[in-house]
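Note sheet for the following structure.
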Amino acid sequence: MIERGNPVPSVRVKLVDANGIADTTSDTVLGTGLVVLFSVPGAFTPTCHVNHLPGFIANHAKLRAAGITRIVCAATNDHHVMKAWAEATGALGKIDFIADGNAELAKALGLAKDFSGSGMGTRYARAAMIIRDGIVDNVFVEDAPGVSASGAPAILMALETANS
Numbered sequence: 002m003i004e005r006g007n008p009v010p011s012v013r014v015k016l017v018d019a020n021g022i023a024d025t026t027s028d029t030v031l032g033t034g035l036v037v038l039f040s041v042p043g044a045f046t047p048t049c050h051v052n053h054l055p056g057f058i059a060n061h062a063k064l065r066a067a068g069i070t071r072i073v074c075a076a077t078n079d080h081h082v083m084k085a086w087a088e089a090t091g092a093l094g095k096i097d098f099i100a101d102g103n104a105e106l107a108k109a110l111g112l113a114k115d116f117s118g119s120g121m122g123t124r125y126a127r128a129a130m131i132i133r134d135g136i137v138d139n140v141f142v143e144d145a146p147g148v149s150a151s152g153a154p155a156i157l158m159a160l161e162t163a164n165s
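Here the numbering used here is used: the first residue of the sequence shown is 2, the next is one more, and so on.
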């Protein structure tokens, strides 16, 4: 699993943002500025849709005020699903989305998790990280169901601690 001090891997992904959909690489998306990347098992899935993403939308301004230059959500869904989710939640313009349909970035980060028992294949573990100019500052991985360590409030607390 990726750790503090590791560079972000370079993997081909699709970026979904306010400008549309673009082919790019993970290091291009995550490599400049102070970035929060949070990963979810799936767009529109209950915990992701009701608890994880909404916390980042609600705390967007606070995260920006704390120095975050970009907030990015990654999932193994295709770019069509990610775009529909971004639009349905009103997140476009606040949060950018990485569509990692083949879980290549999830695997490169060490965050791939087997959800085959639920019929969902390889997905991301629920996690978040703070990345400074392409180098990981902190990694937060949930060790139980729900959103606590990887939610926006925990990221804000980590940023406050780092800045004090």
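Backbone N, C-alpha and C define an ideal beta-carbon position, used for all residues, glycine too.
Next on the checklist: Quick check: what's the CA-CA separation for A150 versus F98?
Outcome noted: One-based indexing of the sequence shown puts residue 150 at position 149. One-based indexing of the sequence shown puts residue 98 at position 97. The alpha-carbon atoms of A150 and F98 are separated by roughly 20 Å.
Checklist entry - Taking the alpha carbon of L160 as the point to measure from, which residue in G32, R65, G56 has its own alpha carbon closest? => result As a working mapping, residue 160 is identified with position 159 in the sequence shown. Here the closest residue by C-alpha is R65.
Item to check | Ordered list of alpha helix (DSSP H) runs contained in the stretch 10-60, each at least 4 residues | outcome: 27-31, 54-59
Item to check | Alpha-carbon to alpha-carbon, M130 and F45 | outcome: Translated into positions along the sequence shown, residue 45 becomes position 44. Translated into positions along the sequence shown, residue 130 becomes position 129. Going from the Cα of F45 to the Cα of M130 covers about 21 Å.
Next on the checklist: Using only the alpha-carbon positions, how far apart do A113 and L35 sit?
Outcome noted: Against the sequence shown, residue 113 aligns to sequence position 112. Against the sequence shown, residue 35 aligns to sequence position 34. Cα to Cα, the separation comes out at about 24 Å.
Next on the checklist: Using 8 Å as the threshold, is the C-beta distance between L157 and A75 below it?
Outcome noted: Against the sequence shown, residue 157 aligns to sequence position 156. Against the sequence shown, residue 75 aligns to sequence position 74. Their beta carbons are not under 8 Å apart, which means L157 does not touch A75 by this criterion.
Checklist entry - Should N60 go down as buried or exposed, given a rule of 16 or more other Cβ atoms within 10 Å for buried? => result For the purposes of this step, residue 60 is identified with residue 59 of the sequence shown, where counting begins at 1. Buried, since its Cβ has 16 or more Cβ neighbours within 10 Å.
Item to check | Inter-residue Cα distance where the pair is D101 and S165 | outcome: Start at 1 with the first residue of the sequence shown, and residue 101 comes out as number 100. Start at 1 with the first residue of the sequence shown, and residue 165 comes out as number 164. Rounded to the nearest angstrom, the two C-alpha atoms are 35 Å apart.
Item to check | Limits of the alpha helix (DSSP H) - the one that M130 falls within | outcome: For the purposes of this step, residue 130 is taken as the residue at position 129 of the sequence shown. Premise fails: M130 lies in the beta strand (DSSP E), 128-133, not in any alpha helix (DSSP H).
Checklist entry - What are the boundary residues of the alpha helix (DSSP H) that includes K108? => result Position 107 of the sequence shown, counted from the start, is the residue given in the question as residue 108. Run containing K108: 105-110, per the alpha helix (DSSP H) assignment.
Checklist entry - Out of curiosity, what's the CA-to-CA distance linking F57 and E4? => result Counting from 1 along the sequence shown, the entry for residue 57 is found at position 56. Counting from 1 along the sequence shown, the entry for residue 4 is found at position 3. The alpha-carbon of F57 is positioned some 22 Å away from that of E4.
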